[in-house]
DNA sequence: CGTGAGAA
DNA sequence: TTCTCACGG
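Residue numbers (the numbering used here): 6 to 346.
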């Protein structure tokens, strides 16, 4: 998932306070996927309401967003639009992998192997229209900006960061760098503990800042070359990349070759130049509004508690925190406008 | 993932 | 107070 260039990318750990007062454009699909795959019971079953509808993502979006707002970080969630035609193949592959994982999940469940079951359940995570609409509805009720990307959310988030509408894009993937985001924040969570895949070990995970300019300087290339490098190694649009070429080799190749895609185009089924062009000039829009509003308390209680069986105590508690965060955020904005305080 | 009750 | 861990829906 995402482009496979992580090991080449220099990043620095930051404190949440470094993001205080800043806006970030969060890749909503990325967040959604995280919530749906990790917020599960021990046998891998996601959280569900009494009608069997999945609610893991609602829990995730609700509490994380409140935490970010409390930390003085203003999130805007950017949702995907239509994927480009040449992503269809990758999406199909993912669908097949999910179906396989789903079968293994049920098999493990029957054998009573909980750890195995959960592992496969997580891999079987799927995002559908209903889950996306739920998340959008909740965020809108919370007064959080929802941005609809015409195509890839990462591209839109990168565009917003490049225009300085936001400080950075936020995602676990590096794609927004290819789309030209000057800054990328990874691990944007409050409580930073993450389970190591497979093992029963937890590690501290801190937010990371990746600065495109520093990445390019460190690698000694420009953004166009970074895109070519990514294409050689493999992106969502040409999974697997070119056989036998990993990140290190790819870096050498793009540095010494004027048009590195030319050589590999004939052994590739997909149009590598079309992918490069897409990273350079993806569909984006200016049709969005970044306004953080008062939450619709009644609407949230109705949606989360009445419709989806969330605990009223917990939701009310969350709402109090959110309201306070919104009002101190407003206060801060006024102070910066009028120079008081 | 994030909360919060109970252990340490 | 800090940490662990089961539960949330």
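We put the CB at the ideal spot given by N, CA and C, even for glycine.
For clarity, every value in this text was computed on a predicted model and none was experimentally measured.
Option nearest residue i by Cα separation, candidates the options
i           : options           : result
residue 254 : 271, 235, 241     : 235
residue 93  : 275, 313, 311     : 275
residue 213 : 66, 229, 179      : 179
residue 297 : 144, 65, 109, 55  : 144
residue 294 : 131, 333, 81      : 81
residue 215 : 262, 77, 163      : 163
residue 32  : 174, 75, 141      : 174
residue 74  : 242, 328, 343     : 328
residue 322 : 58, 52, 72, 18    : 72
residue 375 : 284, 11, 340      : No statement about residue 375 is possible, as the shown extent of the chain runs from 6 to 346 and does not include it.
residue 129 : 115, 111, 25      : 111
residue 158 : 122, 135, 326, 84 : 84
residue 211 : 41, 314, 18, 11   : 18
residue 43  : 63, 55, 56, 24    : 63
residue 290 : 10, 60, 168, 136  : 168
residue 134 : 171, 58, 170      : 58
residue 60  : 171, 70, 256, 41  : 41
residue 26  : 227, 172, 237     : 172
Identity of the residues DSSP links to residue i by a beta bridge
i           : result
residue 82  : 31, 151
residue 45  : 51
residue 188 : 216
residue 59  : 53
residue 173 : 29
Close Cβ partners of residue i (< 6 Å) along its chain, the five nearest in sequence each way excluded
i           : result
residue 269 : 247
residue 258 : 265
residue 8   : 179, 180, 235, 240
residue 288 : 155, 156
residue 34  : 85, 158
Any non-hydrogen atom of the ligand NAP closer than 7 Å to residue i Cβ
i           : result
residue 144 : Absence of the ligand NAP is noted for the structure shown, with no ligands found whatsoever.
Burial state of residue i (16 or more Cβ within 10 Å)
i           : result
residue 29  : buried
residue 126 : buried
residue 161 : buried
residue 261 : exposed
residue 311 : exposed
residue 47  : exposed
residue 66  : buried
residue 3   : Outside the displayed range of the chain (6 to 346) lies residue 3, so it cannot be described from this structure.
residue 281 : buried
residue 15  : exposed
residue 102 : exposed
Own chain partners of residue i with C-beta closer than 8 Å, once the 5 adjacent residues on each side are dropped
i           : result
residue 146 : 300, 301, 304, 305, 308
residue 12  : 252
Contacting residues, own chain, Cβ-Cβ under 7 Å from residue i (five flanking each side not counted)
i           : result
residue 203 : Reliability fails at residue 203, whose pLDDT of 49 lies under 50, so the model's placement of it is uncertain and the value that follows must be treated cautiously. Here the set comprises nothing.
residue 151 : 82, 84, 141, 144, 145
residue 349 : With the chain running from 6 to 346 in the structure shown, residue 349 is simply not present.
Jot down the residue ranges of each uninterrupted beta strand (DSSP E) in the segment 213-277, minimum 3 residues, whole runs only, in chain order. 213-216
Curious, which full-length beta strand (DSSP E) runs of at least 3 residues does the segment 280-315 contain? As far as the segment 280-315 is concerned, it has no whole beta strand (DSSP E) run of at least 3 residues.
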